[in-house]
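Have a look at the structure below, then the notes.
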Amino acid sequence: MRGQTVILSHELADFDALASLLGGALLFPQALPVLPRKLKRNVQAFLSLYRNQFPFVEPRHLPRGRVDLAIVVDTRSFNAVKGMGEDTRHLVIDHHSAAEPLPSGWKVWRESLGPHTTGANTTLLVERLIQQNRGLSPFQATLLALGIYEDTGSLLYPSTTHRDIRCAAWLVEQGARLEVMRRFMRFPPTPAQKALSRQLTEDAEHLTVAGQNVVLAVADAPEYDDELSGLAHRLNELFNPDALFVVVRLKDHVQVVARSNTDAINVGLIAGFLGGGGHRRAAAALLEGATLADVKERIGCLLQEHARAPAKVAEIMSRGRPHTLDEGMSVAAAMELMQRYGHEGFPVLQRGVDGRDKLVGILTRREADRTITHRLGALPVHKVMRQGNHTVPEDAPVSVLHGLMIESGWGQIPVVDAAGELVGIVTRTDLLKLWGEERESSPRVPDVSRELGQVLPAGQHRLLWLVGETATAMGHAVYVVGGFVRDLLLGRFDSAGGAGSLDMDLVVEGDAIELAERMQARCGGRVVTHARFGTAKWILDEPGYPVTCPDLPANDTAADQGPLPPHFDFVTARTEFYTEPTVLPTVEQGSIRLDLHRRDFTVNTLAVALTPDRWGDLLDFYGGLSDLQTGVVRVLHSLSFVDDPTRILRAVRYEQRFRFQIEARTQEHLLDAAPLLRRVTSARIRQELDRIFQEETPEDAVFRLDELGILRRIHPALRAGPSFAKRCASLRELMETGRPGEAREGDNGLDQAPVKIRTGQFQLEDTPIERLYWGLLIYDLLPVDNGNGDKTSSLEKELSERLRLRGRTQRLMRELRMVKTRRPQLSDPQQRPSEVVAVLDRAQPAVLLLLSLVEEDALLRRRLNCYEQTWRHVHPALDGRDLMRLGLQPGPEYGQIMRGLRTALLDGEIEAGAPEQRLAESMVRDILEAA
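Given below as structure tokens:
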């Protein structure tokens, strides 16, 4: 016999629980929604009027029989009903987070339209009703809306999501009665509630935990039998703390109701450790057999362990003395600075009689624009600025900054240190970004210290810790930035270093040169400085400059006891601006935020803090982490490619290396800026192409550049031929294994065995791989002339000038064109070996290797093989001394005879030894007779 299905919820049911019972009944028509034995007072009052409109069943009226399935809504804790047993299945529909996993055999409802992280549990069920296009009665719509409105504080609690709001709007469309909802949501307190509220208010303790204001309201009320959540709501409005804990001893247990007004204190987590559960912002727990003192102590300990300190201004500010304006400067001059640096506001200073600068106001871009529009650019700044002296300490909580911005109306607030000196600036954008991160309920600053410990050799890990420690002692901050951080987050390191690079750039907010010199004094090595650029290289592997490395504290987790890196590069944090497109930027000292803003793409704007107090904190000002996770190459601003068109080549290189996708808008900017490549210096274009050819599979980037039309922007003739990819793959296999991927059979009688080309034959030690790839790309484009291929073609001249090709690369092109011009001769069966050798002797080994990859002709390939293995080693045994003994005086005739002897040997006309001697004697006689 088939059993029953029931829908259950928690005791002291609120409207979210009651509405969830109704939603479950609408979605599961065969199920019986069972009312909890205890209801909140406003819920009781609602049911006393509208009970007959709903299908609720009291536990005592359940039909007899076995309960096969229990659907549990808005909770994981409930009172069992008759008919339930060990074999009863459980399906949980609950939006609360829980510290403990579900009991074995219980299942979570998987039919919701998103994560179970809504403000109200009712929302999960209403979403399904919307999807099913279900019609509701006004009574049903009103109760479901009450469930959402009560648990989200009328859609105002921070835990409210867009899904809650969307469902509430749909319920109003379905006929939910707002006047009925208002009546039951604002229920007047009972005398008992008023008395308990007074006691909790009078005895409330105000604690400071991790810089947060926490109210702990405790009462002993064994006779109280009403709900506490309404009291907690009123106390939260009264005290407005960062977090509130209401702790009341009732008849046989202690009940805790918690509210939080900040993500820094997750009351759902704390309630979970107490055996309860809930949201980050609202939670509850029931503890049996506990005393008030025990519960207070446990809450205090949990707060100390899990409460986060509030965000400080120093965490979100742009560090470094901000650009400022003198009050007497003209607005026109100030506008030039605004356009140069891109800031929206500049602090305005006045020089006092004591020679010290005093903040007297701030000039915004809007005010400057309006002044210029009215042709009043000659006015001094102090005439149009916003007057005031508003600053914020760097160690102040962000809440102080929030209040100051509202009070002053300033969108940019200068930041001062303990001595009152300007050390940075913080803007509305910084504040909004922080709120966005908190709204996503994600950690404000991800921590990658564990990853650092896993990939760094112990010596490098120790030195980085000491660098951070030394920087802190100097009052500086130091970060590792760029490619290392990107590769770390992409997981491009294995136990042996992987594909990622352990080379590091260390950006210092402060004096990078001084920090490097202090590290040298502390640990040894040698420092090379460049004062003009504010950079220093700390060299660690130079003989005669030993390095000693003190042990780290016990928390050093690096496992690989690898060697020290050869050096660390220290760079002072900088900002930059471009005076015109394509030229190199002008650089000035700045903050880490401004330094990262100089980078080419968001994925390269990530930094990791190295000071001990922030070790491993990941800084992500520009969305680089998200773009890494989604595989996107994105520029930081629309003029990025205009400022530096070589970023076009870099964007494609990163896209293909990481198998990413250039973001659509970024690709538009890339194509718009492509014509500017003609204005970029030859050397910079060549350097970027060299970097592409140094990639693991450069043909991917080359084909993408061809697809985007970028190769033609570099030179109209450049293109990636259809065979380029195959040739590149063959080159790599040849370099790795000593032979190409396939052998070709001969068919002309010279040698019927497969032709095997080995790199060992070609002596390529001095040939960089990028030059070989360049040869493969250019081969099909090289013209064949009507002569012998000795003249330099116009294409070679143009490419050499456009890319400022090095002499060896020019020679490679010239020799490739020569052998290409002589190709008919090299593949002609009538040509003798000496004639083939005469051509191939003029080509360097790299040209012969490339020829073996690009040419398909079997005879030509066999001749290359014969040349490398045999013919190039054939030389006469005789030398000049032998010719002198034959009576011939030294002169040009010696070379003529040697060439003749080698030709005869190659063509099989003579053999070495006596035949060679006889031919030499004959040739000498002929010369002497002619003389």
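Quick note on this note's numbering: the sequence shown kicks off at 1393 and runs consecutively.
Note that the Cβ used here is the ideal one computed from N, Cα and C, for glycine as well.
Since we're looking at a predicted model, the values are computed, not measured.
Asked: For the alpha helix (DSSP H) containing L1547, list its first residue and its last residue.; Found: First-last for L1547: undefined, no H or E at that position.
Asked: To the nearest angstrom, report how far apart F1470 and L1563 are at their CA atoms.; Found: 28 Å
Asked: Would the beta-carbon of R1356 fall within 7 Å of that of G1816?; Found: What the structure shows of the chain is the stretch from 1393 to 2323, and residue 1356 is not part of that stretch, so it cannot be assessed.
Asked: Could you check whether V1840 and V2000 sit closer than 7 Å to each other, using their CB atoms as the reference points?; Found: yes
Asked: As a quick exercise: from Q1912, V1873 and I2084, pick the residue whose alpha carbon is nearest that of D1987.; Found: V1873
Asked: Could you tell me the distance, in whole angstroms, from the CA atom of M1476 to the CA atom of A1462?; Found: 8 Å
Asked: F1407 and S1542 - do their beta-carbons sit closer together than 7 Å?; Found: As written in the sequence, residue 1542 is Glu, which differs from the Ser given in the question. For E1542 and F1407, yes; Cβs fall inside 7 Å.
Asked: In the DSSP assignment, find the unbroken alpha helix (DSSP H) run with F1885 in it and report its ends.; Found: Taken as a continuous stretch (DSSP letters only), F1885 belongs to no alpha helix (DSSP H), as it is neither H nor E.
Asked: How about D2177 and G2113: do their beta carbons lie closer than 7 Å?; Found: no
Asked: Nearest by alpha-carbon distance to L1894: which of P1849, E1906 and W1857 is it?; Found: P1849
Asked: Just reading off the beta strand (DSSP E) that R1743 is part of, what are its end residues?; Found: G1737 to R1743
Asked: DSSP puts E1901 in a beta bridge; with which residues?; Found: A1869
Asked: Between L1717 and L1755, how many whole angstroms is the CB-CB distance? I'm expecting something under 8 Å.; Found: 6 Å
Asked: Expressed to the nearest angstrom, what Euclidean distance is found between the alpha-carbon atoms of D2117 and L2081?; Found: A small fix is needed here, since residue 2117 is Ala in this sequence, not Asp. Approximately 16 Å, taken between the alpha carbons.
Asked: Quick check for students: name the residue ranges of the alpha helix (DSSP H) that lie wholly in the region 1768-1823, counting only runs of 4 or more.; Found: 1790-1800
Asked: Mark Q1953 as exposed unless 16 or more other C-beta atoms lie within 10 angstroms of its C-beta, in which case mark it buried.; Found: Unreliable placement is indicated for Q1953, whose pLDDT of 49 sits below 50; the coordinate value is still reported in the next sentence. Exposed is the call here.
Asked: Hey, quick one: how far does the alpha helix (DSSP H) through Q1604 stretch, first residue to last?; Found: Element bounds for Q1604: not the alpha helix (DSSP H) but the beta strand (DSSP E), Q1604 to D1612.
Asked: Answer with buried or exposed for L1538, where buried requires no fewer than 16 other C-beta atoms within 10 angstroms of its C-beta.; Found: buried
Asked: Looking only at C-alpha atoms, which of R1452, H1488 and I1485 sits nearest to A1472?; Found: R1452
Asked: What is the DSSP secondary structure of W1501, counted as helix, strand or coil?; Found: coil
Asked: Residues in its own chain within less than 7 Å of L1623 by CB, not counting five upstream and five downstream?; Found: Q1585, L1588, S1589, L1592 and V1638
Asked: Specify, as a first and last residue, the run of the alpha helix (DSSP H) that H1625 falls within.; Found: S1621 to F1631
Asked: So, at 8 Å on beta carbons, what are the nonlocal neighbours of G1667 in its own chain, with the 5 sequence-adjacent residues on each side left out?; Found: A1677, L1678 and L1679
Asked: Mind checking whether R2255 and V2231 have CB atoms under 7 Å apart?; Found: no
Asked: L1431 bridges to which residues according to DSSP?; Found: A1405
Asked: Roughly how many angstroms separate the alpha carbons of A1913 and Q2086, rounded to a whole number?; Found: 37 Å
Asked: What first and last residue would you give for the alpha helix (DSSP H) that runs through E2248?; Found: E2248 -> no alpha helix (DSSP H), and no H or E assigned at all.
Asked: Looking at V1847: is its Cβ nearer than 7 Å to the Cβ of V1859?; Found: no
Asked: Less than 7 Å between C-beta atoms, sequence neighbours within five positions excluded: which residues of the same chain meet that for H1698?; Found: N1658, L1661 and I1662
Asked: Determine the direct distance from the alpha carbon of W2166 to that of A2049, and round the result to whole angstroms.; Found: Inspection of the sequence shows that residue 2049 is occupied by Arg rather than by Ala. Approximately 18 Å, taken between the alpha carbons.
Asked: Would you kindly check if the distance between the Cβ of A1703 and the Cβ of L1599 is under 7 Å?; Found: no
Asked: If you count every other CB in all the chains shown that lies within 10 Å of the CB of A2296, and 16 or more means buried, which is it?; Found: buried
Asked: Among residues of its own chain, excluding the 5 on either side of R2196, which ones have a beta-carbon nearer than 7 Å to its beta-carbon?; Found: S2074, A2075 and R2078
Asked: Look at the alpha carbon of E2313 and the alpha carbon of R2264, and state the distance between them as a whole number of angstroms.; Found: 24 Å
Asked: Grab the span of the alpha helix (DSSP H) containing K1586 for me, first residue to last.; Found: P1583 to D1595
Asked: For D2098, which residues in the same chain have their Cβ closer than 6 Å to its Cβ, ignoring the five residues on either side in sequence?; Found: R2111 and A2112
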